[in-house]
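Engineer:
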Amino acid sequence: MHSLISRVLRGFAVICCLVPAFAPSAHAGAYEDMIEAIKRDDFATVSGLIARGVAVDTVDGQGNSLLSIAAREGSLRSARALLDAHARIDWANKAGETALMHGAIQGHLEVVRLLLVRGAEVNRAGWSPLIYAAVKGIVPVARLLLAYGADIDAGAPNGFTALMMAVREGHQELAAFLVSNRANVNAQTDSGLTALAIARKSDNAAMLGLLQKAGAK
Numbered sequence: 351m352h353s354l355i356s357r358v359l360r361g362f363a364v365i366c367c368l369v370p371a372f373a374p375s376a377h378a379g380a381y382e383d384m385i386e387a388i389k390r391d392d393f394a395t396v397s398g399l400i401a402r403g404v405a406v407d408t409v410d411g412q413g414n415s416l417l418s419i420a421a422r423e424g425s426l427r428s429a430r431a432l433l434d435a436h437a438r439i440d441w442a443n444k445a446g447e448t449a450l451m452h453g454a455i456q457g458h459l460e461v462v463r464l465l466l467v468r469g470a471e472v473n474r475a476g477w478s479p480l481i482y483a484a485v486k487g488i489v490p491v492a493r494l495l496l497a498y499g500a501d502i503d504a505g506a507p508n509g510f511t512a513l514m515m516a517v518r519e520g521h522q523e524l525a526a527f528l529v530s531n532r533a534n535v536n537a538q539t540d541s542g543l544t545a546l547a548i549a550r551k552s553d554n555a556a557m558l559g560l561l562q563k564a565g566a567k
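Its first residue numbered 351, the sequence shown is counted upward by one per residue in my numbering.
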């Protein structure tokens, strides 16, 4: 599986491998069938496997739950079936990633909406769903997260914010959206890095202009 955010900041490698670690109530064949059904977003098969006893909180070798896999794949009906069976909505894998974070970084808007409606934590400590959305510059997901109370200036463990991430990745539209929603353009990381410094380093004139117009120093 591809890395979610390791290419962005050194030292925060997050790799989604699928090496099953089975719960006692789910044998290997049933688990594999469940994974394939989730990837197809086959609601009937997912529901049937749950009824047969596949544990909804079964995780793979990296701690990814079935719900997180559904969110990553954009499998809305499967996610709904798992939630209806009381899957743990805020379960985090070994890298601290929840289903909401997986859905956010992949841009699966309706899955993100479902998770938020069902009460997923939008402001968890550490890397936030909003920062994950900023990795790929997904404005609709960012807008939805903010509508559900996401802290626009929430920082990662090193102080990196969603705006900094959008600037670093060159996502002009998302950066403009965040600035228009009063993101702190002068926020600093633990090492004193600002969004403006990031834009200067990447020699992005448009981004520099956006930030300076908003009062970045």
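Note that the Cβ used here is the ideal one computed from N, Cα and C, for glycine as well.
Output needed for T539: all residues of its chain with C-beta closer than 8 Å, excluding positions within five of it in sequence on either side, in chain order.
Structural biologist: On the sequence shown, residue 539 is found 189 positions in, with the first residue counted as 1. G505, N508, G509, F510, M514, listed in sequence order.
Engineer: Under the three-state reduction of DSSP, which class applies to D383: helix, strand or coil?
Structural biologist: Along the sequence shown, one-based indexing puts residue 383 at 33. Three-state DSSP puts D383 in a helix.
Engineer: Would you mind reading off the limits of the alpha helix (DSSP H) that contains V517?
Structural biologist: As a working note, residue 517 is residue 167 in the sequence shown. Segment 512-518, the alpha helix (DSSP H) holding V517.
Engineer: For R357, count the other beta carbons within 10 Å of its own beta carbon; 16 or more makes it buried, fewer makes it exposed. Which is it?
Structural biologist: On the sequence shown, residue 357 is found 7 positions in, with the first residue counted as 1. Residue placement at R357 cannot be trusted, given a pLDDT of 47 that sits under 50; what the coordinates show is reported in the next sentence. Exposed, because fewer than 16 other Cβ atoms sit within 10 Å of the Cβ of R357.
Engineer: Can you check whether the CB of L450 is closer than 9 Å to the CB of F421?
Structural biologist: Residue 421 sits at position 71 when you count from the first residue of the sequence shown. Residue 450 sits at position 100 when you count from the first residue of the sequence shown. In the sequence on display, residue 421 carries Ala and not Phe. Yes, these two residues count as a Cβ contact at 9 Å.
Engineer: Taking the alpha carbon of D501 as the point to measure from, which residue in N531, E519, A525 has its own alpha carbon closest?
Structural biologist: Along the sequence shown, one-based indexing puts residue 501 at 151. Answer by Cα proximity: N531.
Engineer: Residues in its own chain within less than 7 Å of A564 by CB, not counting five upstream and five downstream?
Structural biologist: In the sequence shown, residue 564 corresponds to position 214, counting from 1. Cβ within range, chain order: V529, V535.
Engineer: How many Å lie between V485 and I455 at the Cα?
Structural biologist: Numbered from 1 along the sequence shown, position 135 holds the residue referred to as residue 485. Numbered from 1 along the sequence shown, position 105 holds the residue referred to as residue 455. Going from the Cα of V485 to the Cα of I455 covers about 7 Å.
Engineer: If you run the structure through DSSP and keep just helix, strand and coil, what is D540?
Structural biologist: Taking the first residue of the sequence shown as 1, we reach residue 540 at position 190. Coil at D540, not helix or strand.
Engineer: Which word fits H436, buried or exposed, when buried means at least 16 other C-beta atoms lie within 10 angstroms of its C-beta?
Structural biologist: In the sequence shown, the residue the question calls residue 436 occupies position 86. Flag for H436 reads exposed.
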